[in-house]
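Novice: At position 136 of the sequence shown the residue is numbered 136 (UniProt numbering), and the sequence of numbers has no breaks. For each residue, glycine too, the CB sits at the ideal point set by N, CA and C. Let me begin by handing over the structure; questions about it come next.
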Amino acid sequence: MSRAALLVLADGRFPAGGHAHSGGAEAAVKAGRITSAASLEDFCRGRLYTAGLVAGALAAAAALGVDPGELDAAADARTPSPALRTAARRLGRQLMRAARATWPCAELDALARQFPKGAHQPVVLGLVARAAGLGPEDAAYCAAYESVSGPATATVRLLSLDPFDATGVLARLAPELDRVADTAAQAARRALDEGVDALPAASGPLLEVGAQWHAGWPVRLFAS
């Protein structure tokens, strides 16, 4: 296992397309729910315990070898918003392109053939982690971190928030990110024996509603 591979995969400069997505932050800013570092922290904490937990568990399960087709269906069932499902598959397709060039392997090739329009991003992420020699905890950490780092980075542009303040939010959330990643990895291990229904299905209704609202905007900075 290479911790350096985890740094490459989690790096915001890895060309997986995440920079074009705000993780719901753009809609939340427009709605007045994010106005400062304090409200950004609240938003990210809520996202971590819902979307982040679900994504972390899906990614960890994929890294453990749970059937990716079943995981993709489970991701669909946990994503009520059509706009978010579309965004997740678009991100999965872009991540797949980058990963096959970086860590080529037969499992990634097979998933790309199975889902030519893209599998859900956390499922792809888990298989990418596996291809890079990483474990389920690593995949869970990467997914959970992405769930909060995307909104934090986007808010710097959306609100002209001080980057130091945005980074401070991520630092303060670090202990909770540890707990969420651990919970996600434990659930993924249960899924090996109990099936994908053992994975968490935490939801954030405002994220879903906001995604649908955001998808209809004629002008926006971020794709989602």
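Cα-Cα, which of Pro218, Gly17 and Ser39 is closest to Val169?
Specialist: The residue given as residue 169 occupies position 169 in the sequence shown. Closest by alpha carbon: Ser39.
Novice: Tell me, to the nearest whole angstrom, how far the beta carbon of Gly118 is from that of Ser22; I am working on the premise that it is less than 8 Å.
Specialist: Within the sequence shown, the letter at position 118 stands for residue 118. Within the sequence shown, the letter at position 22 stands for residue 22. Incorrect: roughly 19 Å between the Cβ atoms, too far for contact.
Novice: Starting from the Cα of residue 234, find the closest Cα among Arg130, Glu208 and Pro15 and give me that residue.
Specialist: Absent from the structure is residue 234, since the part of the chain shown begins at 1 and ends at 224.
Novice: Assign Pro122 to buried or exposed, taking buried as 16 or more other Cβ atoms, counted over all protein chains shown, within 10 Å of its Cβ.
Specialist: If you number the sequence shown from 1, residue 122 lands on position 122. Buried.
Novice: Across the region 170 to 183 and the region 67 to 86, are there enough close Cβ pairs to call them in contact, namely three or more that are closer than 8 Å?
Specialist: Segments in contact, no.
Novice: Run through the region 117 to 150 for me and flag every whole alpha helix (DSSP H) of 4 or more residues, listed as ranges in chain order.
Specialist: Correct list: 121 to 131.
Novice: Determine the burial state of Glu194: buried for a count of at least 16 other Cβ atoms within 10 Å of its Cβ, exposed for fewer.
Specialist: Translated into positions along the sequence shown, residue 194 becomes position 194. Under this definition Glu194 is an exposed residue.
Novice: How long is the line joining the alpha carbons of Leu134 and Gly204, rounded to whole angstroms?
Specialist: The count along the sequence shown starts at 1 and reaches residue 134 at position 134. The count along the sequence shown starts at 1 and reaches residue 204 at position 204. Computed Cα separation, rounded: 29 Å.
Novice: What runs of the alpha helix (DSSP H), each 4 residues or longer, lie entirely inside the region 148 to 224?
Specialist: Qualifying alpha helix (DSSP H) stretches, in chain order: 163 to 194 and 205 to 215.
Novice: Mapping the DSSP letters down to three states, classify Phe43 as helix, strand or coil.
Specialist: Stepping through the sequence shown from its first residue, residue 43 is reached at position 43. Residue state, collapsed to three classes: helix.
Novice: Comparing C-alpha positions only, which one of Arg157, Val124 and Leu199 sits nearest to Ala188?
Specialist: If you number the sequence shown from 1, residue 188 lands on position 188. The shortest Cα separation from Ala188 among Arg157, Val124 and Leu199 belongs to Leu199.
Novice: Which residue from Asp109, Leu177, Asp197 and Glu137 puts its Cα closest to that of Gln186?
Specialist: Residue 186 sits at position 186 when you count from the first residue of the sequence shown. Selected option, being the one with the closest Cα: Glu137.
Novice: Assuming the contact rule is C-beta atoms closer than 8 Å, Ala201 and Val29 should be a hit. Round their C-beta distance to whole Å, please.
Specialist: Mapped onto the sequence shown, residue 201 falls at position 201. Mapped onto the sequence shown, residue 29 falls at position 29. Actually they do not touch by this definition, with Cβ atoms about 27 Å apart.
Novice: For Pro68, is the classification buried or exposed, using 16 other Cβ atoms within 10 angstroms of its Cβ as the cut-off for buried?
Specialist: Mapped onto the sequence shown, residue 68 falls at position 68. Classification for Pro68: buried.
Novice: Using CA atoms only, rank isn't needed, just tell me which of Leu111, Ser160 and Tyr145 is closest to Val66.
Specialist: The residue you call residue 66 lines up with position 66 of the sequence shown. Cα-wise, what sits closest to Val66 is Leu111.
Novice: Taking only runs that begin and end inside the region 57 to 81, name each unbroken alpha helix (DSSP H) of 4 or more residues, in chain order.
Specialist: Correct list: 68 to 77.
Novice: Looking at Cys105 and Ala83, is the spacing between their C-beta atoms short of 7 Å?
Specialist: Sequence index remark: in the sequence shown, residue 83 carries index 83 (1-based). Sequence index remark: in the sequence shown, residue 105 carries index 105 (1-based). No, Cβ-Cβ distance for Ala83 and Cys105 is not below 7 Å.
Novice: Is DSSP giving Thr86 helix, strand or coil here?
Specialist: For the purposes of this step, residue 86 is taken as the residue at position 86 of the sequence shown. Three-state DSSP puts Thr86 in a helix.
Novice: Between Leu6, Arg3, Asp197 and Ala37, which lies nearest to Phe164 when the distance is taken from Cα to Cα?
Specialist: Translated into positions along the sequence shown, residue 164 becomes position 164. Among Leu6, Arg3, Asp197 and Ala37, the Cα nearest to that of Phe164 is on Ala37.
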